[in-house]
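A.B. asks: Protein sequences, first through last, are from chains A and B.
Heads up: the first sequence begins at 151 in this note's numbering, then just goes up one per residue.
Heads up: the second sequence begins at 241 in this note's numbering, then just goes up one per residue.
All C-beta atoms in this analysis are idealised placements derived from N, C-alpha and C, irrespective of residue type, glycine included.
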Amino acid sequence: MRRMMMRTSPTGGLSLPAQVLLYLALAAGAVVMMMPFVWMASTACKPDVELNKIPVRWLPENPVCLGNLLQLYTTSPHFNRYMLNSALVTAGRTLGQLITCSLAAYGFARFRFPGRDVIFALCLGLLMVPFQAILIPEYMLIRKLGWLNTFRALIVPGMFSAFALFLLRQAFLQIPLEIEEAAIIDGANPLRVLWHITLPLSVPALAAFAVITVQAAWNDFLYPLVVSSTPDTRVVTIGIALLQGERRTPMNLLMMGSFLATLPMLALFVLLQRYFIAGISMGGVKR
Amino acid sequence: MRSALLRWLGPTPLSRRHALWGMALVAPNVLGLMFFFGIPVLMAFSTSFQRWNAITPPEFIGFTNFRRLVDDPNFHQAFVNTLKLLALVVPGEVVLALLVAVMLNQPLRARNLFRTAYFLPVVTSTVAASVVWTSIFQPRYGSLSNLLAPLGLGEVRWLVDPGLVLIPIAVVAIWQRIGFDMVLFLAGLQAIPAELYEAARIDGAGRWQRFRHVTLPLLSPTTFLVVVLAVINGFQIFDQVYIMTLRTVPGGVGGSATTLTYYLYRRAFTNSEFGYASAVALVLFAAILLVTVFQLRIQRFWVYYEAGEA
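1) Mind checking if threonine 287 of chain B is an interface residue toward chain A, Cβ cutoff 8 Å exclusive?
2) Rounded to a whole number of angstroms, what is the C-alpha to C-alpha distance between leucine 285 of chain A and tyrosine 373 of chain A?
3) Output, in sequence order along the chain, the residues in the stretch 315-344 of chain A whose CB is closer than 7 Å to any CB in chain B.
4) Anything in chain B within Cβ reach of proline 205 of chain A, meaning under 9 Å, just list it in chain order.
5) Determine the burial state of valine 310 of chain B: buried for a count of at least 16 other Cβ atoms within 10 Å of its Cβ, exposed for fewer.
6) Whole angstroms are fine: how far does the CA of serine 518 of chain B sit from the CA of proline 457 of chain B?
7) Report the rounded CA-to-CA distance for arginine 460 of chain B versus isoleucine 427 of chain A, giving the unit in angstroms.
8) Can you find a C-beta in chain A that's less than 8 Å from the C-beta of aspartate 312 of chain B?
9) Helix, strand or coil for glutamate 211 of chain A? Go by DSSP, reduced to three states.
10) Would you say methionine 233 of chain A reaches chain B, if we count a Cβ-Cβ gap shorter than 8 Å as a contact?
11) Excluding the 5 residues preceding and the 5 following lysine 436 of chain A in the sequence, name in chain order all residues of the same chain whose CB lies nearer than 6 Å to its CB.
12) So with CB distances below 8 Å, who are the chain B contacts of valine 279 of chain A?
13) Here's the rule: buried if 16 or more other CB atoms are within 10 angstroms of the residue's CB, otherwise exposed. What is tryptophan 368 of chain A?
14) Between alanine 180 of chain A and chain B, is there a C-beta pair that is closer than 8 Å?
15) Quick check: what's the CA-CA separation for leucine 323 of chain A versus alanine 259 of chain A?
16) Can you say whether glutamate 211 of chain A is buried or exposed, counting buried as having 16 or more other CB atoms within 10 angstroms of its CB?
17) From the DSSP output, read off the bridge partner residues of arginine 222 of chain B.
18) Please classify tryptophan 189 of chain A as buried or exposed, where buried requires at least 16 neighbouring CB atoms within 10 angstroms.
19) According to the Cβ coordinates, are alanine 391 of chain A and methionine 343 of chain B closer than 8 Å?
20) Closer than 8 Å, CB to CB, is proline 186 of chain A near chain B or not?
21) Since isoleucine 409 of chain B is in the alpha helix (DSSP H), which residue starts that stretch and which ends it?
22) Taking 8 Å as the CB-CB limit, is alanine 550 of chain B close to chain A?
23) Do you know offhand how far glycine 296 of chain A's Cα is from proline 268 of chain B's?
24) Can you tell me whether serine 243 of chain B is buried or exposed? The criterion is at least 16 other CB atoms within 10 Å of its CB, across all chains shown.
25) Can you name the start and end residues of the alpha helix (DSSP H) that serine 252 of chain A belongs to?
26) Do you know how far the Cα of alanine 368 of chain B is from the Cα of alanine 526 of chain B?
27) Which residues, in chain order, does the stretch 238-255 of chain A contribute to contact with chain B at a C-beta distance below 7 Å?
28) Alpha carbon to alpha carbon, what distance is there between glutamate 200 of chain A and threonine 380 of chain A?
29) Within the same chain, show all residues whose beta-carbon is closer than 7 Å to that of leucine 219 of chain A, passing over the 5 residues directly before and after it, in chain order.
30) State the start and end residues of the unbroken alpha helix (DSSP H) segment that holds histidine 453 of chain B.
31) When burial is assigned at 16 or more other CB atoms within 10 Å of the CB, is proline 297 of chain B buried or exposed?
32) Does the beta-carbon of leucine 245 of chain B have 16 or more other beta-carbons within 10 angstroms, so that it is buried, or is it exposed?
33) Name the residue from A:Met185, A:Asn299 and A:Thr363 whose alpha carbon lies nearest to the alpha carbon of valine 376 of chain A.
34) From the beta carbon of valine 376 of chain A, is the nearest beta carbon of chain B less than 8 Å away?
35) Which residues in chain A have a C-beta closer than 7 Å to the C-beta of phenylalanine 354 of chain B? List them in chain order.
36) Please check the pair leucine 254 of chain B and proline 264 of chain A, which I expect to be a contact at CB under 8 Å, by giving their CB distance rounded to whole angstroms.
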């Protein structure tokens, strides 16, 4: 009994030296994990003259954050546009998946129709295919549709997902049938049941899926690299790659750009951390 | 004809209505998936038997693309680089993530704070992360060279030296995966019943023995999942290579950083050899599939499923 109580108290059960060692090891690891963020933020605020100083400055002596931000917009005049494009693409894909995947997940979870299990298996089979393996035919398809350099190309294919379908179906299956049946007997049609009963009861799963989708869409690089090459449809990851490719771009501006592109996801994560964790534990897959 | 269709849908009017609802609900997502991903999967096979430069119409050339792969030294190099990268990334991320997860699974204060620190890289864009790490690995003014300066290594050109370039790429990949694997490991660790540890303790098992004989076997289904996902992810490393070699020689000096994914991208979108690149893509897919199936086959030798759970 005494042992069990000790287990529930913080670091109970560990000797004092072991505790110290544990905290030290975890802190050292955390410092290494955080170091790139510190380096990014500090370099983003360094004036040009401090970039090439040896020994390296971990913090800027004369920070010029705002100046560098303005300088970034001079170097890459459409940077805000790229951020906005990324936001549009992210919103379009996420909303699209929320709609198509919750409808389909509900259909697969609660309805019987000919060929259902075969179709579902086919959809799951797509999960096995890595995107790189179909990158070229995907590009050919988009080209054939005349969608290169359009928002349609960046958004529409991303509105469908086998992964979200699988995840949401699992969530819907956990809702007791009786709750839905009561509404069906009252004469509500399936869309009303889905909207008023199933979806509200699945909010944690929907949120977990949404944050994972938002994160993947915002950070997507290879697909936009292939289907869009004009400034009006350029997303922020491509914008940063262009800055990186231009050898004259000084480090502080590169870091400022990376910082801006990272900020929305960091903010989202800090606010919705538990949904990120839940999303990964639920699916075990990131897509 | 009409009655046959009706019978196919269901025996009663009510069941037919039900079936139609189901089909209507799944239709948007299923049709979208089949159109945007199903068709490309089928096309992936056909294009790899063609020569196509995106200008003139595609031409069927049989197995020529695959025969060319056999003798293409650049392809061999990309394949070997991918395997080397896997050898660095997979053990690196799995061992570190397990270590962190076991430490975080202890009852301690500030647990969420630590978890956040280890997870933050996961939500960061790989492109931005690669840009930052490129700066860290800079030969003279990067923070790493500064930290290593006391060791007297001199100027290490991490991203230029063909023998070293895979290391920074692996570092970024590992850094971004630790948090992801850690979350899976933590979920697995929390599912291990506390009574088992109690029983082992009563039997006189020390800390290491409990880890070795209770934690590791009971965690092995999670470890299996983590390893499988790590390998699949490792095969697809692209952004890091693209970004980190962009300022020096794209793809690394002499192709030293070129992975399979990067190679197929370059062949298709720089050299306009779409057919040949499709053959590379097919090999990539086959390799991922083979390794995954192999792992599924050998899991019975090391993955422990409790009776009734498997």
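C.D. replies: Taking the geometry as given:
1) To locate residue 287 of chain B, count along the second sequence from 1; it is residue 47. Closer than 8 Å to the CB of threonine 287 of chain B there is at least one CB belonging to chain A.
2) Mapped onto the first sequence, residue 285 of chain A falls at position 135. Mapped onto the first sequence, residue 373 of chain A falls at position 223. C-alpha separation (whole angstroms): 7 Å.
3) Of all residues in the stretch 315-344 of chain A, Leu315 and Pro340 have a Cβ within less than 7 Å of some Cβ in chain B.
4) On the first sequence, residue 205 of chain A is found 55 positions in, with the first residue counted as 1. Near proline 205 of chain A (Cβ distances below 9 Å), the residues of chain B are Asn386 and Ala389.
5) For the purposes of this step, residue 310 of chain B is taken as residue 70 along the second sequence, with counting starting at 1. Its Cβ having fewer than 16 others within 10 Å, valine 310 of chain B is exposed.
6) For this step, residue 457 of chain B is matched to residue 217 along the second sequence. For this step, residue 518 of chain B is matched to residue 278 along the second sequence. Roughly 41 Å separates the two Cα atoms.
7) As a position in the second sequence, residue 460 of chain B is number 220, starting the count at 1. As a position in the first sequence, residue 427 of chain A is number 277, starting the count at 1. Note that residue 460 of chain B is serine in the sequence shown here, rather than arginine. Spanning the alpha carbons of serine 460 of chain B and isoleucine 427 of chain A requires a straight line of approximately 20 Å.
8) Locating residue 312 of chain B in the second sequence gives position 72, counting from the first residue. Taking 8 Å as the CB threshold, aspartate 312 of chain B stays off the interface with chain A.
9) The count along the first sequence starts at 1 and reaches residue 211 of chain A at position 61. Glutamate 211 of chain A sits in coil when the DSSP states are folded into three classes, being neither helix nor strand.
10) Counting from one through the first sequence, the residue named residue 233 of chain A turns up at place 83. Not closer than 8 Å to any Cβ of chain B, the Cβ of methionine 233 of chain A fails to qualify, so no.
11) As a working mapping, residue 436 of chain A is identified with position 286 in the first sequence. Legend: pLDDT at lysine 436 of chain A = 39, less than 50; position of this residue unreliable, no value from coordinates given.
12) One-based indexing of the first sequence puts residue 279 of chain A at position 129. Per Cβ cutoff of 8 Å: Phe277, Val281 and Phe525.
13) The count along the first sequence starts at 1 and reaches residue 368 of chain A at position 218. Buried: at least 16 other Cβ atoms inside 10 Å.
14) Position 30 of the first sequence holds residue 180 of chain A. For alanine 180 of chain A, the nearest beta carbon of chain B is closer than 8 Å to its own beta carbon.
15) The residue you call residue 323 of chain A lines up with position 173 of the first sequence. The residue you call residue 259 of chain A lines up with position 109 of the first sequence. Going by the C-alpha atoms only, they are around 6 Å apart.
16) Residue numbering aside, residue 211 of chain A sits at position 61 when the first sequence is read from its first letter. Glutamate 211 of chain A is exposed by the Cβ-count criterion.
17) Because residue 222 of chain B is not part of the residues shown, which for chain B are 241 to 550, the question remains open.
18) The residue you call residue 189 of chain A lines up with position 39 of the first sequence. Around the beta carbon of tryptophan 189 of chain A, 16 or more other beta carbons sit within 10 angstroms, so the residue counts as buried.
19) Within the first sequence, the letter at position 241 stands for residue 391 of chain A. Within the second sequence, the letter at position 103 stands for residue 343 of chain B. At least 8 Å separates the beta-carbon of alanine 391 of chain A from that of methionine 343 of chain B.
20) Along the first sequence, read from residue 1 onward, the residue named residue 186 of chain A stands at position 36. Answer yes: the Cβ-Cβ gap between proline 186 of chain A and chain B drops below 8 Å somewhere.
21) Numbered from its first residue, the second sequence carries residue 409 of chain B at position 169. Counting along the chain, the alpha helix (DSSP H) containing isoleucine 409 of chain B begins and ends at 406-430.
22) For the purposes of this step, residue 550 of chain B is taken as the residue at position 310 of the second sequence. Below a pLDDT of 50, predicted positions are generally treated as unreliable, and alanine 550 of chain B, at 38, falls in that range; no measurement from the model is reported.
23) Here residue 296 of chain A corresponds to residue number 146 of the first sequence, with the count starting at 1. Here residue 268 of chain B corresponds to residue number 28 of the second sequence, with the count starting at 1. If you take the alpha carbons of glycine 296 of chain A and proline 268 of chain B, they lie about 22 Å apart.
24) Looking up residue 243 of chain B in the second sequence gives position 3. Exposed.
25) If you number the first sequence from 1, residue 252 of chain A lands on position 102. Here the alpha helix (DSSP H) through serine 252 of chain A covers 229-260.
26) Position 286 of the second sequence holds residue 526 of chain B. Position 128 of the second sequence holds residue 368 of chain B. Annotation: alanine 526 of chain B to alanine 368 of chain B spans about 30 Å, alpha carbon to alpha carbon.
27) Cβ contacts with chain B come from Thr250, Cys251, Leu253 and Ala254.
28) As a first step, residue 380 of chain A is located in the first sequence; it is residue number 230 there, counting from the start. As a first step, residue 200 of chain A is located in the first sequence; it is residue number 50 there, counting from the start. When rounded, the distance between both Cα atoms is 34 Å.
29) As a first step, residue 219 of chain A must be located in the first sequence, where it is residue number 69. Short of 7 Å from the beta carbon of leucine 219 of chain A, and not among the five residues preceding or following it, lie these beta carbons of its own chain, in chain order: Met406.
30) Within the second sequence, residue 453 of chain B is the residue found at index 213, counting from 1. For histidine 453 of chain B, there is no enclosing alpha helix (DSSP H), as DSSP marks it with neither H nor E.
31) Residue numbering aside, residue 297 of chain B sits at position 57 when the second sequence is read from its first letter. Proline 297 of chain B comes out exposed.
32) Residue 245 of chain B sits at position 5 when you count from the first residue of the second sequence. It counts as exposed.
33) Numbered from its first residue, the first sequence carries residue 376 of chain A at position 226. Check the Cα spacing between valine 376 of chain A and each of A:Met185, A:Asn299 and A:Thr363: the tightest is with A:Asn299.
34) Here residue 376 of chain A refers to the residue found at position 226 of the first sequence. At a cut-off of 8 Å between C-beta atoms, valine 376 of chain A counts as an interface residue with respect to chain B.
35) As a first step, residue 354 of chain B must be located in the second sequence, where it is residue number 114. The answer, in chain order, is Leu176 and Ala180.
36) Residue mapping note: residue 254 of chain B aligns to position 14 of the second sequence, counting from 1. Residue mapping note: residue 264 of chain A aligns to position 114 of the first sequence, counting from 1. Cβ atoms of leucine 254 of chain B and proline 264 of chain A stay farther apart than 8 Å, at about 16 Å.
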